[in-house]
Each structure stands twice: as structure tokens, then as C-alpha cells.
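Which chain is which? The protein sequence lines are F and L, in order. Heads up, the first sequence is in my numbering, so the first residue is 584 and it goes up one at a time. Heads up, the second sequence is in my numbering, so the first residue is -13 and it goes up one at a time. Each remark here refers to the structure printed beneath this line.
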Amino acid sequence: MEIIKYIVFGFNTLILLYFLAVCSIYITLNIIAFFKMSKYNRTIKYLDLKRVFKLTNYKPISVIVPAYNEENGIVESIKSLLQLEYPDFQLVIVNDGSNDNTLQKLFENFSIRQVSFTPFYKLKSQPIRSVYMSSEYPNLIVIDKVNGGKADAINAGINLAKSPLITVIDADSVLERDCLLKIVRPFMDDENVIAVGGTIRIANGCNILHGNILNVGLSKSWLARFQVVEYLRAFLFGRNGFDVLNGILIISGAFSCFSRDALIKIDGYRAGCIGEDMEIIVRMHRKLRRENPKLRITFIPDPVCWTEAPETFKVLRSQRMRWQKGTVDSILLHKNLFMNPAYGWIGMLVFPYFALFEMLGPVIEIFGYFFFIFSFALGFVTISFAVAFLTTAILYGVVLSVLSVILEELSFQRYPKLSQLLSLIAAAFLENFGYRQLTTWWRFRGMVEYFTGKRHWGKMEKKGFVK
Amino acid sequence: MFIYLGVFLVIHIDIFSFLALTIFALLIITYILVIQVVLLRLLHGYQTKQEQKFFAVWEERIFNYLEGDEKPQTLIKKIRRGKYIYLLRYLREFFLMLKGDDFAKLSSLINETKLQPFLLSYLQSGSPRKINEAAYFLGLAKSEASKRLLRKKLRSENASVFLSSALALARLNDIDAVFDIFRNARHFKFISKDSLLAILSEYTDDVCKPLFQNLKREKNVLIQSITITLFRHFKFYQAGEMVLKIMVYSPSKDVIIESIKFFSTIELFEASTALRSLITHPKAEIRSEVLKALAVLGDESFEQRIWDRMYDSEYEVQYNAVITLMKIIPGSEEKISRFAYGNLKDRAAAIARMVLSERNIKN
Chain F
584 MEIIKYIVFG
594 FNTLILLYFL
604 AVCSIYITLN
614 IIAFFKMSKY
624 NRTIKYLDLK
634 RVFKLTNYKP
644 ISVIVPAYNE
654 ENGIVESIKS
664 LLQLEYPDFQ
674 LVIVNDGSND
684 NTLQKLFENF
694 SIRQVSFTPF
704 YKLKSQPIRS
714 VYMSSEYPNL
724 IVIDKVNGGK
734 ADAINAGINL
744 AKSPLITVID
754 ADSVLERDCL
764 LKIVRPFMDD
774 ENVIAVGGTI
784 RIANGCNILH
794 GNILNVGLSK
804 SWLARFQVVE
814 YLRAFLFGRN
824 GFDVLNGILI
834 ISGAFSCFSR
844 DALIKIDGYR
854 AGCIGEDMEI
864 IVRMHRKLRR
874 ENPKLRITFI
884 PDPVCWTEAP
894 ETFKVLRSQR
904 MRWQKGTVDS
914 ILLHKNLFMN
924 PAYGWIGMLV
934 FPYFALFEML
944 GPVIEIFGYF
954 FFIFSFALGF
964 VTISFAVAFL
974 TTAILYGVVL
984 SVLSVILEEL
994 SFQRYPKLSQ
1004 LLSLIAAAFL
1014 ENFGYRQLTT
1024 WWRFRGMVEY
1034 FTGKRHWGKM
1044 EKKGFVK
Chain L
-13 MFIYLGVFLV
-3 IHIDIFSFLA
7 LTIFALLIIT
17 YILVIQVVLL
27 RLLHGYQTKQ
37 EQKFFAVWEE
47 RIFNYLEGDE
57 KPQTLIKKIR
67 RGKYIYLLRY
77 LREFFLMLKG
87 DDFAKLSSLI
97 NETKLQPFLL
107 SYLQSGSPRK
117 INEAAYFLGL
127 AKSEASKRLL
137 RKKLRSENAS
147 VFLSSALALA
157 RLNDIDAVFD
167 IFRNARHFKF
177 ISKDSLLAIL
187 SEYTDDVCKP
197 LFQNLKREKN
207 VLIQSITITL
217 FRHFKFYQAG
227 EMVLKIMVYS
237 PSKDVIIESI
247 KFFSTIELFE
257 ASTALRSLIT
267 HPKAEIRSEV
277 LKALAVLGDE
287 SFEQRIWDRM
297 YDSEYEVQYN
307 AVITLMKIIP
317 GSEEKISRFA
327 YGNLKDRAAA
337 IARMVLSERN
347 IKN
């Protein structure tokens, strides 16, 4: 009996250490990110971004927008994208075999006419049926192709893109008008930059008109508010923290910018991949940074891209399961990076972190919770251990979440009303009592589905925020 | 005291209780921070309102000042030193928009009033934030009095201070500082060619003459390339012949490309002969750039060579070859059209069809 007690105690202690480590790492990343962002804010304050219009050395950008069944929002999205502030950009809409009226809407609204085409590059993609060009907007082209998924659609877009920089965005994202001016800066500041990610924020509750954010707001749904806190903690501060180590392992597919040559060199996106946005970055580290460690994959902390977050449990579950499958897929595909000193920080620190905390995290946490409840019920753990466990698993999470909101307030202050700040603080507190555990459970299920062969994308329904 | 307390707790309670207590303590600290942030937000809200009130009052004052005869010193006397920075932030957009007499009047608000010593004191402070802010406004207002200090700041080891001082000096058109900018930029490994160009293009075209003199003996390919790009920016025709000589012997891809772009911008027809050999250069970017330049320079004797490029291994070169042919060879559109639709399986013909159909839509 004593031996069992020791084993149970040892296992519980390991789980406790796990929770302690994951929160401590995030708090460290948040603090590192805060200093990085303060520096960034100081730098960008007097940059006069629009000076780029006067320059002769700006870099043209092709903005690729894969679209699948986007008939409800595509027209507004394109109209908004055409207003982006940049001296020279081409907008490439890729209709990925939609079976709704997406293409028809484009015909009706943008005077597009078929052009003869030959792809510039040979990245693998499903066949292109036709290419269209707008007589009204000379920088707008539309590619109509056989359905092949997001990665495949992006590859088709790259094959016809004419600019040295490629920006990939989701059709339903709302971009701030100066986002291209901002995302191109790292490429101008450092010739070694091959990819840049932008911060994604949640648009639910914001006042959006014709694809432009008029006022930043918070959704009435607590589910969406929890996600705002989650995005702050993991996406904004977490990724910015890794950036200091040149250790970005994922750039959101909703808004990213690449050097075209780098994309061509690694044969573009991997078609059929679930988490294509993570996989491509890991592959860039693996193939390009191995050859030239000076190359940089970086992240700008500016809030530049707004996206719609799921407000129902069903859609959120589907999203989180898909994300988890994507993480597992990318990590297993590139498992030889794990603890590989040839890849520096990426091999020795960032990749193991992702493998342990992002991929295996849900398994450890779910087993940990169940094991703790089980051993507590059987009287295998002391009260002091139980308090320590719950404090670490839950209250330490509260510290982390609230700290993220505080850092947001001290750096960007994007939520203008005091009531919004207080709501976010409340959400940061409450998300640790149920929401976090629920998303962990969904991630766990995602992992189970991945290993049992259910590797499809799942359906992602969106309400849309067209006004 | 805290260490003592920690030791006391470790001795008298077990490690798990200690851990729980630590996290509780962190939680309490976090909530103190929350209170602080809320208070800061209230303070910020108050300051924003004050700033808005300030802007409302000063909007009228600035417009009256620009239209009237009020002296800048009289206007600045109406504001307390503590609010100078509000005023400067308000004036920023005016500085970026206004030109001519209005700009001169606006500049005198800084250059002939107490705002200048205020900014100079910022420039001498140890804080990079203050230095950057001061350099920005002194540069915008073209404050001659700040030149000496700004040049000193060029030697700073802080990249942001270097960049803001360089930008201010460029806006001040301090020609003598240009070589200090080149020299000191080398100390920062991450300052790129593009960043330097973005700064140097703030100079007026007066900068071209000393750069022209320097180019004769300059061996650094980065500086050569930046200089040629600036010549292109300012359309400095006099440098055409010298750049041509440099390009012919340069092994640098960057220098060659910038030179070709320069010839195209200033329409230097004498460059055609040199471009003849570059049209088959091993680097596709150079071949492509030559074709773009030929589209401007329009030397018909290149016709066959350009046709040959339609069979280039790189799509971009093929694409530019078709465009160039259509631009410089009269009647070539018909010939290209025959070629494009007479060879349906040929890749070069496919590119030609693409260019033709794009052109039809654009027209």
C-alpha cells in the first residue's frame, strides 16, 4: 500500500510540476514580449510609415486570398482589401472550387474577364480552370481552380503571383488599412527576414463597416471574451516572446507574409496538411535556416488582422480539435528537429516545448486531472498537496491570464472603454474555471481522432460580420 | 524581510503549502497590479480629455497664427512648458502636410521659440525615447541649431537613436553628415540597405554631388548600390556615364541591377551597348531588369535578342521579353499574336498569350 501511495504521490507531483512549468514559461514569455513590444511601439511611433509611397525601394506585394464558399462576405472583403494602403500590391483571389456563388459574385461586382494564363512557378496544386482579371481594378486577379484545400489554393496563387513578397490572408479576415505598410517593414529592415507574422485579434463585438473596423469592442458572448484573453496570452504575448529567440514556430494562416523565393525554395505549402500554417514555418526552419542560420522568421506585435471567433461550443470544439490535429501533424512530420542541436534554439528549446506542452499537454492535463481526483477520493494525497495542486493548476492560470490583460493594457490599450477592460479582467479570471479545461478536453479529443485516423478538417461555420 | 519570511515558511510548513502560498501571493500581487492598471486607465482617460480640450483650443490658434501676423514667441508664451509635448504631437500632422510659407511659419514655432531649447534639452538627455522624440521634431522643423548635437548622436550605440538622428539630419539636408551616416551604420549589423535608403531619400538632390565625388573612389558595393539608387531617386543625370563604367566592371548583382534601373529612369540611351552583353547574364534578375530597361530605352537593334529571351528558362524573363517587344518594336503585337496563337503547346507562346490578354483587359 505504501508503495502505491508513493507512486501516486510521485505521479501527482509530476503533473503539478507540469502545470507549474507551463504557466511559468508563459509568464516569462509574456514579460519578454512586453519589453519587446514597448521597444517596438517606441520605434514605430515616429516612423511615418506612409513615407514608403515616396521611396523607390519599396517591395511590391501579392496578397493571396484563398476562398471557399465565401459568397456572403467575399465582395465586402475584396472591396476592403482594395483599399489597403500600399504603393504597389496585387490582389490574388483563389476560388478553391466553391460550390456556392462565390465566383458569380466576383463576376457581378468586379468586371472580371478571363485571361490566358501560364503559371510562373510549378508548386503543386489542383488544376486551374481559369484566370480572370478585373478591367476596373487592374491589380485584382481571380483564379478559379478545382477544390484542393487551403494550402493547395495558396500554392495556386503563388504560381501566378508577380511580386517578391507574398501575403496570405483568410477571406473573412478584416485587415487594418496600414497593415501592409507595417508587415513589410521587417523585410526592409533586415534582408535576412523570410517570413513575418502579424497579430490576430478577435473581431466579435467590434463595429465593422465595409470591411473596416470602426470601433473596437467586445462581444456579449463570454465564450468570445474568453478567446480574446486566450489570443492575448498565447498568440500575442506567447509568440512575441518566442520571437526574441528567433523561435517562431507558427504564424497564423489568417495573416502572414513571406518572401516568394523562400516559399518557392521549399516547394510551397504542403497540400492536404491540416495545420498548414504551422507546418510551413517548421519546414522553413528545417530546410532554410539549417542552410543559413542568419535567416529570420519574425513576428510584429501590432494588431493588424481581425478575425471572427466561434461563439458556439460546437464550432469552437471543431476549431480546437482541428488546431490540435494540425499541431500533432506538424510536429510528427518534423520530429527529427526534436532536441537536435543542429537547429539551435529551435531544436533544443522551442520544438521540445511544442512537443511537450502543445502536443502532449492535453494528454498530460486530462490524465492529471482525473488521476488527481481519483487519488484524492481514495485518500492518497494530503490536503496540503491538494491545495497546492489546485492552486497551481487553476490559480496560477488566473495569474497568467490576468497578467496578459495587464500587459495588453500597458502596451496597446486597444479596448477603449474602462468597462471593456474590466470585462476582460473578469474573463481572464473566469476562463480558468471550466473554459480552459474544456478546450483541453477538445484538444485531447483532437489528438485521439488524429491517431485513430480521422484527420479531416471538420466544418467551420462562421456567422460573418458584414454590416 | 521577504527572504526571512520565505525561510520561516519553508521550515515550518511543507513544500506544497509553501507553493500554494506563493501562488496566492502572486495572485494578490496580480490584483494589486489590476487596481493599478485601472487607476492608470482612469488617469489616461483624464489626460486624453485634457489633450482633446487642448487640441480644440490650439486648432484655432494655429490656424489664426498661420493666417495672421502673430509672432511665434507670443503664441508659445500661451502654453506651459509641461504641455509642450502635447503641442508638438498636435503639430506633427501639420509638419508632414504643409509646404512653402506655411511650413516656414510652422517651423519658426520651434526654431524661434522656447520649444527649441526644450527639444535640445530632450536631445541631450540620456533617455532614447526623449532623444528620438526630439530628433524627430527638430528634423521636421529643420532646426539648424540641432545639427551639432544630432551629429554627436549619430555615434550612439543605440540603433534607434542612430536612426532617428540620421533621419533628422537628412531632413535638415546636412550634406556633410551623409558620410558619417554611412560610416556609423556599419556598427549595426541589422541596419539594412533599405532602411538607409529610406533615410537618405529625405535629403534634397544636393546630396548627389558629394555622393558623385565619393563614388569615384568608393569600393564598398553596398555604398555604391545605395548611391546609385539615390541617383535614380533624384534623377541625377550627371552620374550616368560614371555609373555605366562602374556597372561594366562590377561583380555585384545589386550594383548592376540598381545601375540598370538608373539608366532606365534617366533614359540613358548610351547604356544600350552595355546592356547587350547583360541580356544573357547568368542571373535571371539581371536579364529581367535589362528587358525592363530596354522597354524604356527602346533600342530596336535588340529585337532578335529579345525574341531569344522569350525562350528563357525563367518565366519572369519571358514575360518581360514579350512586354518589351510590344513596347519597342512597331507592329510587333501582330507578330507576337501570330506566334502566341500559332504554337498552342509552346511555353513561350503561352506567356505571350497571357501578356496579350492582360493587355486587352487593361486597354
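Built from N, CA and C at the ideal position, the CB exists for glycine as well.
Closer than 8 angstroms to chain F by CB, residue i
{"i": "methionine 340 of chain L", "result": "yes"}
{"i": "leucine 311 of chain L", "result": "no"}
{"i": "asparagine 206 of chain L", "result": "no"}
{"i": "lysine 85 of chain L", "result": "no"}
{"i": "isoleucine 117 of chain L", "result": "no"}
{"i": "isoleucine 242 of chain L", "result": "no"}
Alpha-carbon to alpha-carbon, residue j and residue i
{"i": "glutamate 143 of chain L", "j": "phenylalanine 174 of chain L", "result": "8 angstroms"}
{"i": "aspartate 631 of chain F", "j": "valine 1031 of chain F", "result": "50 angstroms"}
{"i": "alanine 171 of chain L", "j": "glutamine 210 of chain L", "result": "15 angstroms"}
{"i": "glycine 824 of chain F", "j": "isoleucine 167 of chain L", "result": "32 angstroms"}
{"i": "cysteine 762 of chain F", "j": "valine 646 of chain F", "result": "12 angstroms"}
{"i": "leucine 612 of chain F", "j": "alanine 892 of chain F", "result": "24 angstroms"}
{"i": "arginine 843 of chain F", "j": "threonine 965 of chain F", "result": "59 angstroms"}
{"i": "alanine 786 of chain F", "j": "arginine 760 of chain F", "result": "15 angstroms"}
{"i": "threonine 34 of chain L", "j": "phenylalanine 40 of chain L", "result": "10 angstroms"}
{"i": "isoleucine 337 of chain L", "j": "valine 698 of chain F", "result": "11 angstroms"}
{"i": "arginine 75 of chain L", "j": "lysine 628 of chain F", "result": "11 angstroms"}
{"i": "alanine 163 of chain L", "j": "arginine 137 of chain L", "result": "7 angstroms"}
{"i": "glutamate 668 of chain F", "j": "threonine 626 of chain F", "result": "20 angstroms"}
{"i": "valine 675 of chain F", "j": "methionine 716 of chain F", "result": "10 angstroms"}
{"i": "serine 1002 of chain F", "j": "serine 129 of chain L", "result": "44 angstroms"}
{"i": "glutamate 719 of chain F", "j": "proline 884 of chain F", "result": "35 angstroms"}
Contact with chain C by residue i, beta-carbon distance below 8 angstroms
{"i": "isoleucine 711 of chain F", "result": "Although the question refers to chain C, the structure presented lacks it and instead comprises the protein chains F and L."}
Within-8 angstroms CB hit, residue i to chain L
{"i": "threonine 1023 of chain F", "result": "no"}
{"i": "glutamate 1032 of chain F", "result": "no"}
{"i": "valine 1049 of chain F", "result": "In this prediction, valine 1049 of chain F has a pLDDT of 49, which is less than 50 and means its spatial position is unreliable; nothing more can be read from the coordinates."}
{"i": "leucine 638 of chain F", "result": "yes"}
{"i": "isoleucine 586 of chain F", "result": "no"}
{"i": "threonine 881 of chain F", "result": "no"}
{"i": "proline 649 of chain F", "result": "no"}
Residue closest to residue i, alpha-carbon to alpha-carbon, out of the options
{"i": "isoleucine 749 of chain F", "options": "F:Asn652, F:Val591 and F:Lys642", "result": "F:Lys642"}
{"i": "serine 245 of chain L", "options": "L:Ser263, L:Glu188, L:Arg218 and L:Ala270", "result": "L:Arg218"}
{"i": "leucine 559 of chain F", "options": "F:Arg712, F:Gln697, F:Ser967 and F:Asn923", "result": "What the structure shows of chain F is the stretch from 584 to 1050, and residue 559 of chain F is not part of that stretch, so it cannot be assessed."}
{"i": "lysine 622 of chain F", "options": "L:Pro58, L:Tyr32, L:Phe10 and L:Asn118", "result": "L:Asn118"}
{"i": "lysine 707 of chain F", "options": "F:Lys619, F:Thr1035, F:Asp773 and F:Ile847", "result": "F:Ile847"}
{"i": "tryptophan 1025 of chain F", "options": "F:Asn1015, F:Phe963, F:Phe959 and F:Gln907", "result": "F:Gln907"}
{"i": "arginine 169 of chain L", "options": "L:Met83, L:Cys194 and L:Arg141", "result": "L:Arg141"}
{"i": "leucine 915 of chain F", "options": "F:Phe934, F:Ile711, F:Ser994 and F:Pro924", "result": "F:Phe934"}
{"i": "asparagine 682 of chain F", "options": "F:Glu653, F:Ile1008 and F:Pro702", "result": "F:Glu653"}
Contacts around residue i, its chain only, beta-carbon distance under 6 angstroms, and the 5 residues preceding and following it disregarded
{"i": "leucine 878 of chain F", "result": "Asn775, Ile777, Leu871 and Arg872"}
{"i": "tyrosine 189 of chain L", "result": "Ala156 and Asn159"}
{"i": "glutamate 302 of chain L", "result": "Ser274"}
{"i": "alanine 1011 of chain F", "result": "Val812, Ser984, Val985 and Val988"}
{"i": "phenylalanine 940 of chain F", "result": "Val605"}
{"i": "phenylalanine 963 of chain F", "result": "Lys588 and Val591"}
{"i": "threonine 709 of chain F", "result": "Note on residue identity: the sequence assigns glutamine, not threonine, to residue 709 of chain F. If we look at glutamine 709 of chain F and ignore the five residues flanking it on each side, its Cβ neighbours are Lys728, Val729, Gly731 and Asp735."}
{"i": "serine 250 of chain L", "result": "Ala279 and Val282"}
Nonlocal neighbours in the same chain, by C-beta distance under 8 angstroms from residue i, ignoring five residues either side
{"i": "arginine 47 of chain L", "result": "Leu61 and Lys64"}
{"i": "asparagine 353 of chain L", "result": "In the structure as shown, chain L begins at -13 and stops at 349. Residue 353 of chain L is therefore absent and cannot be evaluated."}
{"i": "glutamate 894 of chain F", "result": "Asn787, Ser802, Ser804, Leu806, Ala807 and Lys1046"}
Same chain only: Cβ atoms within 7 angstroms of residue i, ignoring 5 sequence neighbours per side
{"i": "glycine 751 of chain F", "result": "Note that residue 751 of chain F corresponds to valine in the displayed sequence, not to glycine. Excluding sequence neighbours, valine 751 of chain F sits near Ile647, Ile737, Gly836 and Ser839."}
{"i": "serine 913 of chain F", "result": "Gly858, Met861, Glu862 and Val865"}
{"i": "arginine 1019 of chain F", "result": "Gly980"}
{"i": "lysine 1050 of chain F", "result": "Low confidence applies to lysine 1050 of chain F: its pLDDT is 45, below 50, so where it sits in the model is not reliable, and the reading given next is rough at best. These residues qualify, in order along the chain: Ile791 and Leu792."}
Inset, instruction - Identify each residue in the segment 953 to 987 of chain F for which the Cβ-Cβ distance to at least one residue of chain L is less than 7 angstroms, and report them in chain order. - result: Residues Ser967, Phe968, Val970, Ala971, Thr974, Thr975, Leu978, Tyr979, Val981, Val982, Val985 and Leu986.
Inset, instruction - Please list the residues of the segment 205 to 225 of chain L that have a C-beta atom closer than 8 angstroms to any C-beta atom in chain F, keeping them in chain order. - result: Listed in chain order, the positions of the segment 205 to 225 of chain L with a beta carbon within less than 8 angstroms of a beta carbon of chain F are Thr215, Arg218 and His219.
Inset, instruction - Give, in chain order, every residue of the segment 244 to 261 of chain L whose Cβ lies closer than 7 angstroms to some Cβ of chain F. - result: Those residues of the segment 244 to 261 of chain L that come within reach of chain F (Cβ to Cβ, closer than 7 angstroms) do not exist; the list is empty.
Legend entry - Residues in the segment 176 to 195 of chain L having any Cβ partner in chain F nearer than 9 angstroms: Cβ contacts with chain F: Phe176, Ile177, Ser178, Lys179, Asp180, Ser181, Leu183, Ala184, Ser187 and Glu188.
Legend entry - chain L contacts made by the segment 773 to 803 of chain F, where a contact means CB separation under 8 angstroms: Residues passing the 8 angstroms Cβ filter: Asp773 and Glu774.
Inset, instruction - Scan the segment 276 to 306 of chain L for residues whose Cβ lies nearer than 8 angstroms to a Cβ of chain F and list them as they occur along the chain. - result: For the segment 276 to 306 of chain L, the set of residues with a beta-carbon nearer than 8 angstroms to any beta-carbon of chain F comprises Tyr301, Glu302 and Tyr305, in chain order.
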